[in-house]
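Engineer: Got a structure here, written out as structure tokens. Questions coming.
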Amino acid sequence: MFYKINTYGCQMNVHESEKIAGILENLGYKATNEDSLADIILFNTCCIRENAEDKLFGNVGALKQLKKEKKDLIIAVVGCMTQQEGKASILRQKYPYVDIVLGTSNLEMLEDAINSIRRKKHIVSIVDPTMDADKTLPIYRTSYPNAWVNIMYGCNNFCTYCIVPYVRGRERSRKEVDILDDCKKLLDEGYREITLLGQNVDSYGSDLKGFNFSSLLYKVANLGGEYRVRFMTSHPKDFNDDTIAVISENENICKNIHLPVQSGSTAVLKAMNRKYTRESYLNIIDKIRKQMPECGITSDIMVGFPTETNEDYLDTLTLTEQVRFSNAFTFVYSPRVGTPAAKMVQIPDEIKKERVTKLVDLQNRISKEISLEYIGKTKEILVEDINPKYEGMVCGRTDSGRLVTFNGSSDLIGTFQNVKITHSQSSALFGEME
Ligand code: SF4
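Each residue of the sequence shown is one higher than the one before, counting from 54 in my numbering.
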């Protein structure tokens, strides 16, 4: 029996797909990349961006014929999108051959749902955001030497453009003792990098008494042994001096911070309900740079938010130029039904396109310039994988988060190697093992 999982969206979803794979492997299924071989095809969905949703509907639609030919094929749609208002019923009406619809917090019901379908019971649909995502789910990890560890679920922030708090519910922090226990086990199993995951990791513990993110981060970094720690995603309103101090004082916490700015204009940030200003964001960047000059800072930057004037947009460009992000996910605002910003007066598409094109050009130039600064330097790389594009080459990351490709074979995966950077191609770096 085979399964195929199609994953859309962020790192949280990639990790949730590892949990789905864990459940399926326990049921005796094995992974395949071929639809025609699969006995169960799952879509782990995202609703943050419109294009992920369109792609999902297109891909589910394309399975209609296969389902006709292969009656026992199970098709399941799980994750964020199913919890967005009305989406589960659209799926049921337009794609009646979908057997299972499960919300993001309801993955523990997957095994029962599959068993029901096997007993010829039709559509199983459980979309309940109040259920807690179960930490005891088996996990079939696919990202050695890195392991993802959820530290919290949900979000309380209600940025006016974002659907996440509505579909993933309010913040629920996992118990510190359970997180540390998971991390210890992973290190004992040989994982060399732990990435702590949450929608807003900096507010970890705000729903528990006496716990916070900086102290958790310190404890995760001091479990003993040779390994790295990363975390994502941070929120500038909660990112504090204690966290900066813990990162700078602990060598194995990667000097790589993803700090989504979204806009360089205080007025737009206010309309987005981000609860920080351009100045306070730049102040955090100053503090990071003072304590960790080589820290790789990455960001998410949005253009075309409903209230964004040309002046606001220029503020975003100047902030991008000033901060010099090593990389940034740049994108155009698209309205998500059910969010306050979707009801605001929208900016015409041509203006959004024009704005994002200039922003992408600017960020590409900065990323290239930063790449050039690496040439001639030797960096410690954790080897992650072979690079399938280049024969006899492997790839891994600097602690600042830059991907480096260099000569080597698969037996190096999971080891730390010193690599001299010899050249670059835009944001990709190439080097030679020393
Ligand atoms: S912090 Fe804002 S953008 Fe991030 S998940 Fe929460 S509501 Fe969405």
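Glycine residues also receive a C-beta, built at the ideal position from the N, C-alpha and C atoms.
Quick caveat: nothing in here was measured; it's all calculated off a predicted structure.
#1: Could you name the residues, in chain order, whose CB is less than 6 Å away from a heavy atom belonging to ligand 1?
#2: Counting Cβ pairs, one atom from each stretch, are 3 or more of them under 8 Å apart for the segment 294-310 and the segment 437-455?
#3: Which same chain residues, not among the five before or five after Val398, have their C-beta less than 7 Å away from its C-beta?
#4: Taking 8 Å as the limit between beta carbons, can you name the residues of its chain near Pro218, skipping five residues before and five after?
#5: Label Tyr443 either buried or exposed according to how many other C-beta atoms from any shown protein chain fall within 10 Å of its C-beta, with 16 as the threshold for buried.
#6: Can you list, in chain order, the residues of its chain with a C-beta nearer than 6 Å to that of Ser463? Leave out the 5 residues immediately preceding and following it.
#7: Find the nearest neighbour of Ser352 within the set Lys72, Thr248, Leu372 and Leu367, judged by alpha-carbon distance.
#8: At 4 residues or longer, and completely inside the segment 321-406: list those alpha helix (DSSP H) runs for me, N to C.
#9: Compare the Cα-Cα distances from Glu224 to each of Leu240, Lys238, Gln252 and Lys237 and report the closest residue.
#10: Spell out the partners DSSP gives Tyr56 in its beta bridges.
#11: Tell me the rounded alpha-carbon separation between Cys236 and Tyr197.
#12: Once DSSP output is grouped into helix, strand and coil, what is the label at Ser477?
#13: Give me the Cβ distance between Gly132 and Glu69, rounded to the nearest whole Å; I'm assuming they're in contact under 8 Å.
#14: Below 8 Å, can you find three or more Cβ-Cβ pairs linking the segment 323-335 to the segment 280-292?
#15: For Glu279 and Leu240, I'd like the C-alpha separation in whole angstroms.
#16: When you compare each of Leu119, Ser259, Met65 and Lys340 to Cys100 by their alpha carbons, which one comes out closest?
#17: Could you check where the beta strand (DSSP E) with Asn7 kicks off and where it finishes?
#18: Is it the case that the Cβ atoms of Thr392 and Ile143 are separated by a distance below 8 Å?
#19: Taking the alpha-carbon positions, what's the Ile128 to Thr98 distance?
#20: Please report how far the alpha carbon of Thr85 lies from the alpha carbon of Val151, in whole angstroms.
#21: Taking 6 Å as the limit between beta carbons, can you name the residues of its chain near Phe382, skipping five residues before and five after?
#22: Would you mind sorting Arg221 into buried or exposed? The rule is 16 or more other CB atoms within 10 Å of its CB.
#23: Excluding the five sequence neighbours on either side, which residues of its own chain have a C-beta within less than 7 Å of the C-beta of Lys117, listed in chain order?
#24: So, is Thr458 buried or exposed, given that buried needs 16 or more other C-beta atoms within 10 angstroms?
#25: What are the boundary residues of the alpha helix (DSSP H) that Arg283 is part of?
#26: Rounded to whole angstroms, what is the Cα-Cα separation between Asp260 and Glu78?
#27: Name the one or two DSSP bridge partners that Met446 has.
#28: By how many angstroms is the C-alpha of Lys147 removed from the C-alpha of Asp88?
#29: Ordered along the chain, which non-local residues of its own chain (more than five positions away) have a Cβ less than 6 Å from that of Asn203?
#30: Between Val254 and Met285, how many whole angstroms is the CB-CB distance? I'm expecting something under 8 Å.
#31: Which residues mark the beginning and the end of the alpha helix (DSSP H) in which Gly75 is found?
#32: With a threshold of 8 Å on Cβ separation, who are the neighbours of Glu364 within its own chain once the five nearest residues in sequence on each side are excluded?
#33: Assuming contact is defined by CB atoms lying nearer than 8 Å, are Glu437 and Ile466 in contact in what I supplied?
#34: Could you round the C-beta distance between Ser226 and Tyr257 to whole angstroms and report it? I think they count as a contact, below 8 Å.
#35: Take the Cβ of Ile81 as the centre, count every other Cβ of all protein chains shown within 10 Å, and call the residue buried at 16 or more, exposed below.
Structural biologist: Let's see:
#1: Look at which beta carbons fall closer than 6 Å to any heavy atom of ligand 1; those residues are Cys208, Asn210, Phe211, Cys212, Cys215, Val217, Pro218, Gln252, Asn253 and His288.
#2: Yes, they touch.
#3: Within its own chain, the residues whose Cβ lies closer than 7 Å to the Cβ of Val398, once the five positions on either side in sequence are excluded, are Pro359, listed in chain order.
#4: Counting only Cβ-Cβ distances below 8 Å, and skipping sequence neighbours, we find Gly207, Cys208, Asn209, Asn210 and Phe211.
#5: A residue is called buried when at least 16 other Cβ atoms come within 10 angstroms of its Cβ; Tyr443 does not meet this threshold and is exposed.
#6: Scanning its chain for C-beta atoms nearer than 6 Å, with the 5 sequence neighbours on each side dropped, one finds around Ser463 the residues Ile439, in chain order.
#7: Among Lys72, Thr248, Leu372 and Leu367, the Cα nearest to that of Ser352 belongs to Leu372.
#8: Within the segment 321-406, the complete alpha helix (DSSP H) runs of at least 4 residues are 331-344 and 363-376.
#9: Checking every option, the nearest Cα to that of Glu224 belongs to Gln252.
#10: Ala84 and Ile93, per the DSSP bridge assignment.
#11: Between the alpha carbons of Cys236 and Tyr197 lies a gap of roughly 14 Å.
#12: Three-state result, Ser477: strand.
#13: At roughly 7 Å, the Cβ-Cβ gap stays under 8 Å, so Gly132 and Glu69 are in contact.
#14: Flag = yes, the segment 323-335 and the segment 280-292 touch.
#15: Taking the straight line from one Cα to the other gives about 9 Å.
#16: Selected option, being the one with the closest Cα: Met65.
#17: Any property of residue 7 remains undetermined from this structure, which presents the chain solely from 54 to 487.
#18: In this structure, Ile143 does not lie closer than 8 Å to Thr392 by Cβ.
#19: Their Cα atoms are separated by approximately 13 Å.
#20: Whole-angstrom Cα-Cα distance: 19 Å.
#21: Within the same chain, and ignoring the five residues on either side of Phe382 in sequence, the residues whose Cβ sits closer than 6 Å to its Cβ are Asp353.
#22: It is buried - the Cβ of Arg221 has at least 16 other Cβ atoms within 10 Å.
#23: Counting only Cβ-Cβ distances below 7 Å, and skipping sequence neighbours, we find Tyr150.
#24: Around the CB of Thr458, 16 or more other CB atoms lie within 10 Å, so the residue is classed as buried.
#25: From DSSP, Arg283 is part of no alpha helix (DSSP H) but of the beta strand (DSSP E) over Arg281 to Met285.
#26: Cα to Cα, Asp260 sits roughly 34 Å from Glu78.
#27: Under the DSSP definition of a beta bridge, Met446 partners with Asn460.
#28: Rounded to whole angstroms, Asp88 to Lys147 spans 21 Å at the Cα level.
#29: Cβ within range, chain order: Leu250.
#30: The distance from the Cβ of Val254 to that of Met285 is about 7 Å, consistent with a contact at the 8 Å cut-off.
#31: Per DSSP, Gly75 belongs to the alpha helix (DSSP H) from Gln64 to Asn79.
#32: Hits under 8 Å: Ser318.
#33: Ile466 sits close to Glu437, with the two beta carbons spaced by under 8 Å.
#34: At roughly 5 Å, the Cβ-Cβ gap stays under 8 Å, so Ser226 and Tyr257 are in contact.
#35: Reading the sequence as shown, one finds Gly at residue 81 and not Ile. Gly81 comes out exposed.
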